[in-house]
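Numbering (the numbering used here), first residue to last: 30 to 690. Positions of the beta carbon are idealized from the N, C-alpha and C atoms, including for glycine. See structure below.
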């Protein structure tokens, strides 16, 4: 006998009504460590198998009431018992009959009388083989279930189709059908062209096909067309399956529906375009309104300047006060227009800054001088504490920084207590920064008020009595950020407010000429207008604007002023009189100033005549465009008389220097 038993006892069932023989078989098997169940009533077989779950059955081939062959047939009819090992026990010596018995459903046949060792060997072999097969089957079933689960999970998310080497569809999953709207039977055997949306060109599809034929994976986004004509987008990965000779024979396409994402992106782009268009419309509207407001302001502020500077007929004190009120109101309206335009340009990313090195004490002195008259009028004292930073400088745009500082200082004066004070202070920090502070002795603010202070068009209740619309601080914040700095405020009720600006510090560099001495800026006075005979042509369709310029220049006895209302008539005058300088409005009937400039340049002998643009458009883009297209200077309306004369003298000086060469 074979000694020793298996680690897990074999479960063997014996079906034989002969109790003597079954006792003998049971004894042999138990000695080998096997578990044995004996059934002497064939009709109880199925129930007993269900309860005992044997790994192998020994059946007496010939027994009363139900033969072993009949019993085996009954067992094999149960699908879950089809693989159960069955060994027949028989006295049959004829080989053909033995073979016939095995062919009816048995796995083996042992003749009686039984050789115990043969019995054990046969059982061991059969059970081990069955266990191995069961283990393999279990692993296969487990793997199959996992694959099915993965397939189910993928089918819930992924669109899958497989094509052969000819590009014909041989498989699609349910998700493909759900998304495309086609039944499986409608697409099998078709090529992929029926899904084309015609959004992509043929070159893209040819590139995909070449990639797959080269054995490479293709990934990308494709727009397809559903059966009902609707479009849908997929993110697709196409993988070639290769044969043993590394040639593709199938192509698997795994896609995910990204239509919602694409539509969201398209909606975002539309929303962005709508916002951009709305911003542009707003900017155009504000620019137009600025132009329309500046045009009458040109007359209001220009003629008030003439009244104030008329030494021939001096004004009375009361009249001077009236003129001063007109100028203050005009300046306030002009500042308001400029602030609204600047804020609009910042919001539409059209405003740029040009940072340079600014010597700090000198710059703050200029700001101090600008607001001193306002402080004197309000009985507010201004204190300075930055003289100790004699060599300090900041890196910022001087025009925009002055705009911010003027706003902070004017606010500190306006919203101060009677006979209060304002302190301008500056200090360096340890991280290459400089902080400029404006501190007042006003009423102060609550935390909730500080939180909304830098929002556009926000005014605090205690400030309602002062003029303004709440743009200045919002604009100052945006300008500081554009210059690479920060702005903030600290305040408490009853203790005043401290506004601060943090900017990058910079090193001061002095520009020198070839002699090594500091270069001085040449400032032109009125010497050219007063001493040289000049002819000036002004092309302007607004008679009030021409009248203003005429009044400004009327005392220049050696200057001849010509006037034309259109470009065409202006060119005719220019050809006849050959003016030394031409002033041209940009908004003219029939032909604008830009086209008029080109017409002038193309007119014989007028190619080098200086032309100065005069316009109520004051934004940087308009100024840059005018200068880039060939205008020599750009004067904005309303006209500042001193600046106007300075611009003309500058152009005359350039012309004189050119003649001198």
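Cβ-based neighbour list, residue i, same chain, cut-off 6 Å, excluding 5 preceding and 5 following
i           : result
residue 109 : none
residue 646 : 320
residue 593 : 568, 599 and 602
residue 677 : none
residue 39  : 63, 84 and 156
residue 511 : 382
residue 54  : 43
residue 468 : 452 and 527
residue 553 : For residue 553, the predicted structure reports a pLDDT of 40, less than 50, and the residue's modelled location is therefore unreliable. A value from the coordinates is still provided. Same-chain partners within the cutoff: 678, 679 and 682.
residue 404 : 411 and 442
residue 210 : 255, 256 and 257
residue 335 : 580
residue 266 : 248 and 283
residue 35  : For residue 35, the pLDDT reaches just 47, beneath the cut-off of 50, and the residue's location in the model is therefore unreliable, although a value from the coordinates is still provided. Excluding sequence neighbours, residue 35 sits near nothing in its chain.
Distance between residue j and residue i (C-alpha atoms, nearest Å)
i           : j           : result
residue 458 : residue 233 : 59 Å
residue 188 : residue 215 : 16 Å
residue 92  : residue 43  : 13 Å
residue 659 : residue 610 : 14 Å
residue 291 : residue 632 : 56 Å
residue 503 : residue 480 : 12 Å
residue 270 : residue 223 : 23 Å
residue 673 : residue 298 : 46 Å
residue 380 : residue 347 : 42 Å
residue 590 : residue 570 : 15 Å
residue 5   : residue 121 : Because the chain spans 30 through 690 in this model, residue 5 falls outside it and cannot be assessed.
residue 685 : residue 362 : 38 Å
residue 358 : residue 295 : 48 Å
residue 367 : residue 318 : 11 Å
residue 573 : residue 351 : 21 Å
residue 125 : residue 281 : 54 Å
residue 41  : residue 67  : 9 Å
residue 549 : residue 309 : Low local confidence applies: a pLDDT of 34 at residue 549 is under 50, so the model's placement there is unreliable, and no value is given.
residue 59  : residue 176 : 42 Å
residue 422 : residue 500 : 28 Å
residue 306 : residue 616 : 24 Å
residue 239 : residue 193 : 15 Å
Close beta carbons around residue i, own chain, < 7 Å, minus the five adjacent residues each side
i           : result
residue 226 : 252, 253, 254 and 260
residue 663 : 642, 652, 655 and 656
residue 242 : 277
residue 447 : 408
residue 475 : 522
residue 65  : 41, 43, 55, 58 and 59
residue 206 : 212 and 213
Residue span of the alpha helix (DSSP H) that contains residue i, given as start and end
i           : result
residue 345 : No alpha helix (DSSP H) holds residue 345; DSSP gives it neither H nor E.
residue 186 : 145 to 186
residue 480 : 476 to 480
residue 593 : Run containing residue 593: none in the alpha helix (DSSP H); it sits in the beta strand (DSSP E), 588 to 593.
residue 313 : 288 to 338
residue 462 : No alpha helix (DSSP H) contains residue 462, which is instead part of the beta strand (DSSP E) from 462 to 469.
residue 407 : 389 to 407
residue 79  : 74 to 81
Whole-number beta carbon distance between residue j and residue i, since they are thought to touch under 8 Å
i           : j           : result
residue 116 : residue 87  : 5 Å
residue 387 : residue 419 : Not a contact, Cβ separation roughly 14 Å.
residue 640 : residue 613 : 6 Å
residue 287 : residue 263 : 6 Å
residue 220 : residue 196 : 5 Å
residue 144 : residue 89  : Not a contact, Cβ separation roughly 17 Å.
residue 618 : residue 564 : The pair is not a contact, with the Cβ atoms about 24 Å apart (cut-off 8 Å).
residue 355 : residue 333 : 5 Å
residue 315 : residue 373 : 5 Å
residue 199 : residue 191 : 5 Å
residue 636 : residue 630 : 5 Å
residue 119 : residue 140 : 6 Å
Contact test: residue i Cβ vs the ligand HEM heavy atom, cutoff 7 Å
i           : result
residue 389 : Among the ligands in the structure shown, none appear at all, so the ligand HEM cannot be discussed.
Range of the contiguous beta strand (DSSP E) that encloses residue i
i           : result
residue 50  : Per DSSP, residue 50 belongs to no beta strand (DSSP E); it is in the alpha helix (DSSP H), 48 to 60.
residue 244 : Premise fails: residue 244 is in no beta strand (DSSP E) and is neither H nor E.
residue 623 : Where residue 623 is concerned, there is no enclosing beta strand (DSSP E), although the alpha helix (DSSP H) it sits in stretches over 622 to 630.
residue 608 : First-last for residue 608: undefined, no H or E at that position.
residue 115 : 114 to 119
residue 107 : Careful: residue 107 lies outside any beta strand (DSSP E) and carries neither H nor E.
8 Å Cβ shell around residue i - same chain, five flanking residues per side excluded
i           : result
residue 407 : 442, 443 and 445
residue 184 : 202, 203 and 204
**Prompt:** Counting Cβ pairs closer than 8 Å, one from the stretch 325 to 345 and one from the stretch 270 to 289, do we hit at least three?
**Reply:** Judged by Cβ distances under 8 Å, the stretch 325 to 345 makes no contact with the stretch 270 to 289, as fewer than three pairs qualify.
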